[in-house]
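Here the structure comes first, spelled out in structure tokens, and everything after it is commentary.
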Amino acid sequence: MLVKTLAGLEEVLAEELRTLGATEVVLLKRAVRCEGDLSLLYRANLWLRTGLRILIPVETFAAPTEKELYNFLREIDWSRYIHIDQTFAVDVVTQSVHLTHSHFLALRTKDAIVDWFRDHNRGKRPDIDTREADIRIHLHIDSLDRATLLLDSSGDGLHRRGYRTEGGPAPLNEVLAAGLVKLSGWQPGQPLVDMMCGSGTILIEAGLMATNQPPSMNRNFCFENWPDFDRELWQQIKQEAKAVQQPYLIPIVGLDKDFKAFRIAENNIAAAHLEEVIFIQRMSFQNYQPPAGPGMVISNPPYGLRVEDDNLGMLYKEIGDKLKTDFLDYQAWLFSGNMEALKSVGLRASRKISLLNGQLECKFQRYDIYAGTKKVREQPSA
-4 MLVKTLAGLE EVLAEELRTL GATEVVLLKR AVRCEGDLSL LYRANLWLRT
46 GLRILIPVET FAAPTEKELY NFLREIDWSR YIHIDQTFAV DVVTQSVHLT
96 HSHFLALRTK DAIVDWFRDH NRGKRPDIDT READIRIHLH IDSLDRATLL
146 LDSSGDGLHR RGYRTEGGPA PLNEVLAAGL VKLSGWQPGQ PLVDMMCGSG
196 TILIEAGLMA TNQPPSMNRN FCFENWPDFD RELWQQIKQE AKAVQQPYLI
246 PIVGLDKDFK AFRIAENNIA AAHLEEVIFI QRMSFQNYQP PAGPGMVISN
296 PPYGLRVEDD NLGMLYKEIG DKLKTDFLDY QAWLFSGNME ALKSVGLRAS
346 RKISLLNGQL ECKFQRYDIY AGTKKVREQP SA
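Per our numbering: the sequence shown = residues -4 to 377.
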């Protein structure tokens, strides 16, 4: 299996896969390769929090020219992967200096598949659907003109959990939000506060972890359309997932003074069925009094990169002041793409992790807040 993820989350994803029972786990760039059986494939799609997509390699071959690529694909028995009444789509990624146009290569791959079906089914062929295909096929061509054909077991990216009713102005990717929670080291049983929760993604991902719910229970997967789909095994895995869910009573709290963000967060939390777990308040963080520590803060404050914001430095200073004053014995993690603004927090970060939010380089920084004259316990940066 080849499991895609976001840059910086490879180690977290690898640990998730090992916990699920994967073997031969190898870290790659924005991906993890591993081995496992059909049960692992189903459970990984259901349970992975930091995986984006799970691909299964089925063919590897040399493709020095477009003609040789087409000829090889034309010889594959496509009935093993696609039923004639299903729809399919093809995605191509190429690093070849000879085969450079991914869109054209996708068209030639579709041609080869369609031509095979026409040859073997009296002119009948499956249809193409780029939006909601039953079967998704990926073709990767490396710099040495080696082509790998993969089946997409996930379909829609695994970040599409099914609970997002609406996003705010800059909603955090669900996989990234889950990665932040996991990287922070937060454990259920400890108070968790998001001081500027926006549409509530960090809170929801933490709530799903706290209640031991799989993030993708309420969606469909492409593997359900495969010819070898084991419906009985899939039902068993989903029943097992429901059986291990648990109640949760420790506060997971979100704050946001913006009415629209508050309403969106409320709707998303309800869609995730976490109203009894997550408590959000429409208020500024300056007026909030947290539960007694130890506890955790995880927040993604505004970056102010689209427009100049003279008050952004002051906002980050106020975050730092609030942490020092009212969040004693807490560990605070801030995720931001504005490095200058982070300097205004006024606390020394005990850890800094580089991540990407889309294409934007960001820092996920930890601050340890302690009572007494020494507010921050100094630790080497990582």
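Every residue, glycine too, gets a C-beta built ideally from N, C-alpha and C.
These numbers were taken from a predicted model, which means no experiment stands behind them.
Taking the CA atoms as reference points, residue 36 sits about 8 Å from residue 49.
Taking all protein chains in view, the Cβ of residue 356 is surrounded by fewer than 16 other Cβ atoms within 10 Å, so the residue is classified as exposed.
In the DSSP secondary-structure assignment, residue 247 is bridged to 187, 273. For residue 192, the three-state secondary structure derived from DSSP is coil.
Non-local C-beta neighbours of residue 22 in its own chain, meaning closer than 6 Å and more than five positions away in sequence, comprise 5, 9, ordered along the chain.
For residue 5, the enclosing alpha helix (DSSP H) covers residues 5 to 15. With 16 or more other Cβ atoms inside 10 Å of its own Cβ, residue 146 counts as buried. The alpha-carbon separation between residue 25 and residue 102 amounts to approximately 26 Å. Secondary structure at residue 38: helix, using DSSP grouped into helix, strand and coil. Secondary structure remark: continuous alpha helix (DSSP H) runs of at least 4 residues inside the region 318 to 360, in chain order: 334 to 338. A straight line joining the alpha-carbon of residue 211 with that of residue 62 spans about 40 Å. Going by beta carbons, residue 142 and residue 134 fall inside the 8 Å limit. Three or more Cβ pairs closer than 8 Å define a contact, and the region 182 to 194 meets that threshold against the region 237 to 255. Restricting attention to 269, 199, 253, the CA atom closest to the CA of residue 154 is found in 199. For residue 165, no beta strand (DSSP E) segment is defined, and its DSSP state is neither H nor E. Per DSSP, the beta bridge partners of residue 133 are 86, 145. In the structure shown, residue 178 adopts helical secondary structure according to DSSP, grouped into three states. Here the region 216 to 232 makes no contact with the region 285 to 294; the two share fewer than three CB pairs at distances below 8 Å. Annotation for residue 55: the continuous beta strand (DSSP E) segment containing it runs 48 to 57.
Contiguous alpha helix (DSSP H) elements confined to the region 197 to 268 occur at 226 to 238, 254 to 266, taking only those with 4 or more residues. A direct Cα-Cα distance of roughly 9 Å separates residue 201 from residue 181.
Counting along the chain, residue 18 sits inside no alpha helix (DSSP H); it lies in the beta strand (DSSP E) bounded by residues 18 to 23. The continuous alpha helix (DSSP H) containing residue 62 extends over residues 61 to 70. The region 331 to 351 makes contact with the region 305 to 314; the number of CB pairs closer than 8 Å reaches 3 or more.
With a beta-carbon spacing of about 17 Å, residue 206 and residue 234 fall beyond the 8 Å limit used to define contacts.
In this chain, the alpha helix (DSSP H) harbouring residue 109 covers 97 to 115. Residue range 26 to 30 is occupied by the beta strand (DSSP E) that includes residue 26. Ranked by Cα distance from residue 260, the first of 20, 216, 53, 159 is 159.
A contact is defined here as three or more CB-CB pairs under 8 Å, and the region 64 to 82 meets this definition with respect to the region 92 to 108.
Of 243, 348, 149, the smallest CA-CA separation from residue 208 is found for 243. When C-alpha distances from residue 258 are compared across 20, 218, 215, 192, the shortest belongs to 192. By the beta-carbon neighbour count (other beta carbons within 10 angstroms, threshold 16), residue 285 is buried.
Bridge partners of residue 291 according to DSSP: 187, 326.
DSSP, reduced to helix, strand and coil, places residue 363 within a strand of the structure shown. If you draw a 10 Å sphere on the C-beta of residue 215, you find fewer than 16 other C-beta atoms in it, and that means exposed.
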